[in-house]
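Colleague:
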Amino acid sequence: MTDDEKLDGLLRMSLTEEEIPPPAVQAVLLEQIRRQPAKWEISWWLPTVIGGLQTITLVAGVNFIFPNSWLSLLSLPAGACLILCSVALSATARLWTRKERNIYVVDEL
Numbered sequence: 001m002t003d004d005e006k007l008d009g010l011l012r013m014s015l016t017e018e019e020i021p022p023p024a025v026q027a028v029l030l031e032q033i034r035r036q037p038a039k040w041e042i043s044w045w046l047p048t049v050i051g052g053l054q055t056i057t058l059v060a061g062v063n064f065i066f067p068n069s070w071l072s073l074l075s076l077p078a079g080a081c082l083i084l085c086s087v088a089l090s091a092t093a094r095l096w097t098r099k100e101r102n103i104y105v106v107d108e109l
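Quick look at the structure:
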């Protein structure tokens with residue numbers, strides 16, 4: 001029997017049980033999850049660039065719609081703070097995932 005046939009048999013057996021799959025099914029599924037490589041990884045800077053462009057567009061829109069108002073004056077520092085926060089969070093996430101790369105979320109369930 002191949003691994004896929006074993007997994008299929010264990011999954012079929014677990015369909016008759018109501019809540020928690022048997023430990024054998026859990027072990028096989030966790031092993032298959034660990035063996036699968038990531039399909040694609042998002043670069044750490046991509047969400048920052050996307051969020052920054054959205055923030056710049058929003059600030060420009062506010063300044064275009066409400067020129068010289070208190071809202072347009074507040075949008076500039078608020079937009080700058082949002083962009084700085086996105087850079088800091090993305091860099092932190094990059095460092096955190098580098099350290100925690102070998103720890104799986106499913107191991108903590």
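The opening position of the sequence shown corresponds to residue 1 in our numbering, with each subsequent residue numbered one higher. By construction, the Cβ of each residue, glycine as well, lies at the ideal position given by its N, Cα and C atoms.
Are there three or more Cβ pairs, one per stretch, closer than 8 angstroms when the stretch 48 to 56 is compared with the stretch 73 to 86?
Modeller: Touching, yes, given that three or more Cβ pairs across the two stretches are closer than 8 angstroms.
Colleague: Take every Cβ of the stretch 61 to 74, pair it with every Cβ of the stretch 23 to 42, and state whether three or more of those distances are shorter than 8 angstroms.
Modeller: No, because fewer than three Cβ pairs between the stretch 61 to 74 and the stretch 23 to 42 fall closer than 8 angstroms, the two stretches do not touch.
Colleague: Whose CA, out of I20, T16, V25 and P21, lies closest to the CA of E5?
Modeller: The residue with the shortest Cα to Cα distance from E5 is V25.
Colleague: On the three-state DSSP scale, how would you describe L74?
Modeller: Correct three-state label for L74: helix.
Colleague: Would you check whether the ligand PLP has a heavy atom nearer than 7 angstroms to the C-beta of S43?
Modeller: With respect to the ligand PLP, the structure shown offers nothing to examine, as it has no ligands at all.
Colleague: What first and last residue would you give for the alpha helix (DSSP H) that runs through S14?
Modeller: D3 to S14 is the extent of the alpha helix (DSSP H) around S14.
Colleague: Going by the CB atoms, is the gap between S90 and T48 shorter than 8 angstroms?
Modeller: Yes, they are a contact pair.
Colleague: In whole angstroms, give me the CA-to-CA distance for T16 and P22.
Modeller: Each residue's Cα considered, the two are about 11 angstroms apart.
Colleague: What is the rounded straight-line gap between the Cα of W45 and the Cα of W96?
Modeller: If I take the Cα positions, the gap works out to 14 angstroms.
Colleague: Could you give the DSSP three-state label for F66: helix, strand or coil?
Modeller: F66 falls in the coil class under three-state DSSP.
Colleague: Where do the ends of the alpha helix (DSSP H) carrying Q32 lie?
Modeller: Note, Q32: alpha helix (DSSP H), P23 to R35.
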